[in-house]
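Working notes, beginning with the structure itself.
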Amino acid sequence: MKREHLQLLALRADNSKTNQQGRLDKFALARHRDSLRCGVGSVAMQALWSLQLGNQERLFFEPNFSSQKHGKFGFREWWDWKIFAGGVQFQRRK
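What follows is the structure, given as structure tokens:
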């Protein structure tokens with residue numbers, strides 16, 4: 644039996660839209676061998692498109708403790724980056 648390595652994207656959030664009390668929420672997303680169904684690959688492709696090919700400015704990853712939004716670990720501007728934009732209407736192909 645061949646062993647395969649599992650690639651995983653793990654995220655933590657202590658302050659989000661539905662969590663204002665500081666509870667530590669954990670999220671995970673596993674790779675899929677089919678690139679069209681891979682959630683990790685889709686997030687990576689969106690980051691590539693937005694930061695390299697799109698018009699979004701390069702993000703700074705150092706914490707900003709002078710922001711009003713900062714918590715225990717400081718605020719990072721990329722935390723406001725929207726991965727899934729709401730309110731977009733798509734038309735089905737016929």
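If you're matching positions, the sequence shown starts at 644 in the working numbering and goes up one per residue.
The beta carbon of each residue, even a glycine, is placed where N, CA and C say it ideally should be.
As the structure is a prediction and not an experimental result, all values here were calculated from the model.
- In this structure, the CA atom of R655 is about 12 Å from the CA atom of N662.
- Check the Cα spacing between K660 and each of K712, H675, V686: the tightest is with K712.
- Comparing C-alpha distances from N658 to each of V683, L649, D668 shows the shortest one belongs to D668.
- G682 and H648 have their C-alpha atoms roughly 17 Å apart.
- L691: member of the alpha helix (DSSP H) spanning 682-691, first to last residue.
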